[in-house]
Each structure stands twice: as structure tokens, then as C-alpha cells.
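Notes follow once the structure below has been shown.
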Amino acid sequence: MNINESREYKAAKELERVLNDYSFNPDRFTAAIPSFHKTLEQNFMRLIIACIKFLADDSNRFIDLRNKGSHEAAVILAKALEEHKNEIYLPFI
-18 MNINESREYK
-8 AAKELERVLN
2 DYSFNPDRFT
12 AAIPSFHKTL
22 EQNFMRLIIA
32 CIKFLADDSN
42 RFIDLRNKGS
52 HEAAVILAKA
62 LEEHKNEIYL
72 PFI
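Quick note: the sequence shown uses this note's numbering, first residue -18, plus one each step.
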């Protein structure tokens, strides 16, 4: 399947559209997370971890001054995730 036809791609593009609006408020977004079904909170955390690992990997993207800070933060977080991988348990229940 072409990635552009996947629901994941479509969801990412919708998130891109929302993030491109300067009135997007990360605090309001995070305040909505508790309204997720508890299993979906786990899936959301899996997504966040996958995003951190992707953003930390130099080979996955071009890094310039616009996203250098995100990359550097992701590198730090990815190292912490790796150091604590045996302590992180996200069961699918």
C-alpha cells in the first residue's frame, strides 16, 4: 500500500493541519488525553515513543535550524527511553 493512501498518513496530515494553526494550544490538547479510552492512551504513548525515536534518528530526516531543537530534545529522550526500556511496559489490554 502506498503510504499516502494509509489512514496513518491521513491522520498525520490532519495533525499537521491542526499544528499549523497558531491558535493550537498544546495544553488544551493534553488536557483532552484523559478523555481517551484507557487502552488508547497506551496506543497514544506508543505513538509518542515511536515519534521520539524517529525524530532522534539522523538518517530519517533532514535537520536544519527549524527543527534542530526538536532533534536534540528527541536524542536526549530516546537515550532515556533506551536506558529504561526494561522498565517501560505498555500492555495492550
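Just so it is clear, CB atoms sit at the ideal spot from N, CA and C, and this is done for glycine as well.
Only a predicted model underlies this, so the values are computations on that prediction, with no experimental measurement involved.
- Task: List the endpoints of the continuous alpha helix (DSSP H) containing residue 155.
- Result: The shown model of the chain, from -18 to 74, leaves out residue 155, and the question about it has no answer.
- How long is the line joining the alpha carbons of residue 67 and residue 41, rounded to whole angstroms? For the purposes of this step, residue 67 is taken as the residue at position 86 of the sequence shown. For the purposes of this step, residue 41 is taken as the residue at position 60 of the sequence shown. In a straight line, the C-alpha of residue 67 is about 25 angstroms away from that of residue 41.
- For the alpha helix (DSSP H) that residue 72 lies in, which residues bound it at each end? Stepping through the sequence shown from its first residue, residue 72 is reached at position 91. No alpha helix (DSSP H) contains residue 72, which DSSP labels as neither H nor E.
- Task: Could you check what DSSP says for residue 51 in three-state terms: helix, strand or coil?
- Result: Position 70 of the sequence shown, counting from 1, holds the residue named residue 51. Helix, per DSSP.
- Message: Taking the beta carbon of residue 55 as the centre, do at least 16 other beta carbons fall within 10 Å, making it buried, or is it exposed?
- Response: Indexing the sequence shown from 1 puts residue 55 at position 74. It is buried - the Cβ of residue 55 has at least 16 other Cβ atoms within 10 Å.
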